[in-house]
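**Student:** I am attaching a structure below and will ask some questions about it afterwards.
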Amino acid sequence: MAIPVNIEKLVSGRIVESERIEYKKGWNPAAIYRTICAFANDFENIGGGYIIVGAEEENGRAKRPITGIPTEQLDAIQKEMIGYNNLIRPYYGPKIDIQTLDEQNLLVIWVPAGMDRPYEVPENIKAKDKKHQYYIRKYASTVRPGKVELEELFNLANRIPFDDRSNQQATIDDISPSLVREYLVTVESELLDEFDKVPLVEIYRSMDLLHGSDEMLFPKNIALMMFNFRPDKFFPYSRIEIVEFPKGLGDPTFYEKPAITGPIHIQIQKALEQLENIALKEQIYKRPDKAEELSVSGIGGDGSQ
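Numbering (UniProt numbering), first residue to last: 1 to 305.
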């Protein structure tokens, strides 16, 4: 998968902060996987980071011209990574891309913040006796967290509810602008005044629908639940099914209503409308002291008012 940024701009530090980039002159899996683990844990919530293999660091930038990686090593490294990824607990697979700079090969390992953090990895991923450890980024270094930091890492992960987590299987384009506009109209938000004046990404940020770094933003689960016409594409079985038992639950006669799909808040609205139609009954009866028939609507259909 291609990285979402230009390699020249990346190594020059023009679009990504230096603490989010780690340079490695050569393939050193033990050190590299400790850093992968640290970026995936995203202790500071800065959006993960990048590991540039094939370039030395010089004053926080890539030393030019870069040394690169021999072409014949690239396939072997990628095959090794498949096995090493399985040693991260829980499983985590960074994204890799082969880029060319100064006519040399670079292996770019892109590590977005993981959804299942905290992660741990063997201290030396090539050692026979593998001892798993947690790692975080502190400034521009990969370190093992202290006791307080480790507790904070676990608490950080536990504090993120499902609907507030980023969904890395989706993109900003999966958010429907029309559904967002319709929602802002419904709630009478002042943000509607800015809708056609600023980029959509700014509207989405204001509504707290996005997560991630500037160069690669992901929609949160709540954004896909509410502002995508087919949320079941991302969350299977996200629909409402209503079954009516007209003679009571003990009777084998029942009717299945068509499944209600679409944005979650619209599903709830339609479900309430269906339930109201099922519960409200009309019954015509004669009162002893009145000659004319009366039509009375009530809950339950038993004639009570």
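C-beta atoms are modelled at their ideal positions from N, C-alpha and C, and glycine is treated no differently.
Write down the C-beta distance between Ser239 and Gln269 rounded to the nearest angstrom, noting that I regard them as a contact closer than 8 Å.
**Tutor:** For the purposes of this step, residue 239 is taken as the residue at position 239 of the sequence shown. For the purposes of this step, residue 269 is taken as the residue at position 269 of the sequence shown. The residue asked about is misnamed: residue 239 is Arg in this sequence, not Ser. With a Cβ gap of about 14 Å, Arg239 and Gln269 do not count as contacting.
**Student:** Count the other CB atoms within 10 Å of the CB of Ile82; is the residue buried (16 or more) or exposed (fewer)?
**Tutor:** In the sequence shown, the residue the question calls residue 82 occupies position 82. Under this definition Ile82 is an exposed residue.
**Student:** Of all the options Leu101, Gly47 and Gly48, which has the alpha carbon lying nearest to the alpha carbon of Pro70?
**Tutor:** If you number the sequence shown from 1, residue 70 lands on position 70. Ranking the options by Cα distance to Pro70, first place goes to Leu101.
**Student:** Starting from the C-beta of Glu244, find all residues in its chain whose C-beta is less than 6 Å away, skip the five residues before and the five after it, and write them out in chain order.
**Tutor:** Translated into positions along the sequence shown, residue 244 becomes position 244. Excluding residues within five positions, the ones whose Cβ falls inside 6 Å are Tyr255 and Ile278.
**Student:** Report the rounded CA-to-CA distance for Ser304 versus Met225, giving the unit in angstroms.
**Tutor:** Position 304 of the sequence shown, counted from the start, is the residue given in the question as residue 304. Position 225 of the sequence shown, counted from the start, is the residue given in the question as residue 225. The pLDDT assigned to Ser304 is 40, lower than 50, so where the model puts this residue is not dependable; a value taken from the coordinates is nonetheless given after this. The alpha-carbon atoms of Ser304 and Met225 are separated by roughly 40 Å.
**Student:** Using 8 Å as the cut-off, can you tell me whether the region 38-46 makes contact with the region 112-126, which would need three or more C-beta pairs spanning the two stretches below that distance?
**Tutor:** Yes, the region 38-46 touches the region 112-126.
**Student:** Any idea if Glu151 is buried or exposed, counting beta-carbon neighbours within 10 angstroms, 16 or more meaning buried?
**Tutor:** Residue 151 sits at position 151 when you count from the first residue of the sequence shown. So Glu151 ends up on the exposed side.
**Student:** Reducing DSSP to helix, strand and coil, say where Gly303 ends up.
**Tutor:** As a first step, residue 303 must be located in the sequence shown, where it is residue number 303. Low confidence applies to Gly303: its pLDDT is 40, below 50, so where it sits in the model is not reliable, and the reading given next is rough at best. Here Gly303 sits in coil by DSSP.
**Student:** Please classify Val296: does DSSP put it in a helix, a strand, or coil?
**Tutor:** Position 296 of the sequence shown holds residue 296. Note that Val296 scores 47 on pLDDT, short of 50, meaning its location in the model is unreliable; the coordinates nonetheless yield the value given after this. Here Val296 sits in strand by DSSP.
**Student:** Go ahead and label Gly54 buried or exposed: buried means 16 or more other beta carbons lie within 10 angstroms of its beta carbon, across all protein chains shown.
**Tutor:** As a position in the sequence shown, residue 54 is number 54, starting the count at 1. By the 10 Å Cβ count, Gly54 comes out buried.
**Student:** Exposed or buried, Lys24, counting other C-beta atoms within 10 Å across all chains shown (16 or more means buried)?
**Tutor:** The residue labelled residue 24 in the question sits at position 24 within the sequence shown. By the neighbour-count rule (16 or more Cβ atoms within 10 Å), Lys24 is buried.
**Student:** DSSP three-state label for Gly13, please.
**Tutor:** Walking along the sequence shown from the start, residue 13 turns up at place 13. Looking at Gly13 - three-state DSSP - the assignment turns out to be coil, as it is neither helix nor strand.
**Student:** Between Pro231 and Pro177, what straight-line distance do the alpha-carbon atoms span, to the nearest angstrom?
**Tutor:** Numbered from its first residue, the sequence shown carries residue 231 at position 231. Numbered from its first residue, the sequence shown carries residue 177 at position 177. Going from the Cα of Pro231 to the Cα of Pro177 covers about 15 Å.
**Student:** Ile96 bridges to which residues according to DSSP?
**Tutor:** To locate residue 96, count along the sequence shown from 1; it is residue 96. Ile109, per the DSSP bridge assignment.
**Student:** Compute the Euclidean distance between the alpha carbons of Glu276 and Thr261, then round it to the nearest angstrom.
**Tutor:** Taking the first residue of the sequence shown as position 1, residue 276 is located at position 276. Taking the first residue of the sequence shown as position 1, residue 261 is located at position 261. Going by the C-alpha atoms only, they are around 18 Å apart.
**Student:** According to DSSP, what are the bridge partners of residue 326?
**Tutor:** Nothing in the structure corresponds to residue 326, since the chain is present only between 1 and 305.
**Student:** How do the region 121-128 and the region 83-93 stand: do at least 3 beta-carbon pairs fall below 8 Å, yes or no?
**Tutor:** Yes: the two stretches touch, three or more of their Cβ pairs being nearer than 8 Å.
**Student:** According to the Cβ coordinates, are Lys167 and Asn228 closer than 8 Å?
**Tutor:** Counting from 1 along the sequence shown, the entry for residue 167 is found at position 167. Counting from 1 along the sequence shown, the entry for residue 228 is found at position 228. The identity of residue 167 in the sequence shown is Asn, whereas the question assumes Lys. No.
**Student:** Could you tell me the alpha carbon to alpha carbon distance between Arg34 and Gly49, rounded to whole angstroms?
**Tutor:** Counting from one through the sequence shown, the residue named residue 34 turns up at place 34. Counting from one through the sequence shown, the residue named residue 49 turns up at place 49. C-alpha separation (whole angstroms): 13 Å.
**Student:** Measuring only the C-alpha atoms, how far is Arg20 from Glu58?
**Tutor:** Here residue 20 refers to the residue found at position 20 when the sequence shown is read from its first residue. Here residue 58 refers to the residue found at position 58 when the sequence shown is read from its first residue. Their Cα atoms are separated by approximately 15 Å.
**Student:** Identify the residues that DSSP records as bridge partners of Met216: which are they?
**Tutor:** Mapped onto the sequence shown, residue 216 falls at position 216. Ser213, per the DSSP bridge assignment.
**Student:** Kindly give me the distance between the Cβ atoms of Tyr119 and Pro90, rounded to whole angstroms, as I take these residues to be in contact under 8 Å.
**Tutor:** In the sequence shown, counting from the first residue as 1, residue 119 sits at position 119. In the sequence shown, counting from the first residue as 1, residue 90 sits at position 90. At roughly 7 Å, the Cβ-Cβ gap stays under 8 Å, so Tyr119 and Pro90 are in contact.
**Student:** By DSSP, does Met1 sit in helix, in strand, or in coil?
**Tutor:** The count along the sequence shown starts at 1 and reaches residue 1 at position 1. Residue confidence for Met1 is low, a pLDDT of 48 falling below 50, so the modelled location carries little weight; the figure read from the coordinates is stated next. Coil, per DSSP.
**Student:** Thinking just about the alpha-carbon of each residue, which of Val11, Asp164 and Pro263 is nearest to the one in Tyr237?
**Tutor:** Walking along the sequence shown from the start, residue 237 turns up at place 237. Looking at the Cα atoms, Pro263 is the closest of the given residues.
**Student:** Whose C-alpha, out of Arg159, Gln169, Leu184 and Leu192, is nearest the C-alpha of Phe234?
**Tutor:** To locate residue 234, count along the sequence shown from 1; it is residue 234. Checking every option, the nearest Cα to that of Phe234 belongs to Gln169.
**Student:** What are the partner residues of Ile51, as DSSP defines its beta bridges?
**Tutor:** Residue numbering aside, residue 51 sits at position 51 when the sequence shown is read from its first letter. Glu22 and Ile109, per the DSSP bridge assignment.
**Student:** My output table needs one value for Met207: the three-state DSSP class, helix, strand or coil.
**Tutor:** Taking the first residue of the sequence shown as 1, we reach residue 207 at position 207. Of the three classes helix, strand and coil, the one that applies to Met207 here is coil, per DSSP.
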